[in-house]
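Presented below is the structure to which this report refers.
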Amino acid sequence: MGRVSEDRETQDRAGGGGGESAPPGAELPEYAERVLDVADLIPPGRVMTYGDVAEWLGDGGPRQVGRVMALYGSAVPWWRVVRADGAMLPGHELRALDHYREEGTPLRGASRAAAGHVPRLDMRQARWDGVTGGTGAIGGGGGTRGPDGGEEAHI
């Protein structure tokens, strides 16, 4: 806890944030803190969908997570929280693609029909299940298994 919102210029430079933003220096809502904490946990080269984050938290849904990322996502590796279809965030494709290539995130080639021929994420390989180094689907009930097989704490 204790994260505060960044000013609008910082959000725009970082590639996160939507059309609206919180007042600079404002304390973030508790749910936003939790979403951003999960985004911080996603390892380089891996992604979680908006729905995965909500399920991991056991609270909210994809739209709520998307809203948090739009407002406050510049404070975290925003490119690691993605759409379920693997399409890149409209308007931020090139910045995200730079991050994906730098981190070695698995990508699928773009079809000729794809707008701008921008590749998609290979969700089968890139999706992170919330377990360090793990792959696969998110566990039910909002919890995940830790490296020792025990239930991980929710943020």
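All you need for my numbering is the position in the sequence shown, starting with 1, plus 917. A virtual CB, placed ideally from N, CA and C, is assigned to each residue, including glycine.
- Beta-carbon to beta-carbon, Trp1045 and Arg951 are separated by about 17 Å, too far to satisfy the 8 Å threshold.
- Less than 7 Å separates the beta-carbon of Gly1026 from that of Pro1036.
- Rounded to whole angstroms, the gap between the alpha carbons of Asp969 and Ala943 is 27 Å.
- Spatial neighbours of Arg980 in its own chain (CB-CB distance under 7 Å, excluding positions within 5 residues in sequence) are not present.
- Membership of Glu1020 in the alpha helix (DSSP H) is indicated by the continuous run Glu1010 to Glu1020.
- If you look at Arg963, you'll find it isn't in any alpha helix (DSSP H); DSSP assigns it neither H nor E.
- Taking a C-beta distance under 7 Å as the contact criterion, Val998 and Ala956 qualify as a contact pair.
- Rounded to whole angstroms, Ala992 and Leu953 show a C-alpha spacing of 8 Å.
- Taking C-beta atoms as the reference points, Trp973 and Met986 fail to come closer than 7 Å.
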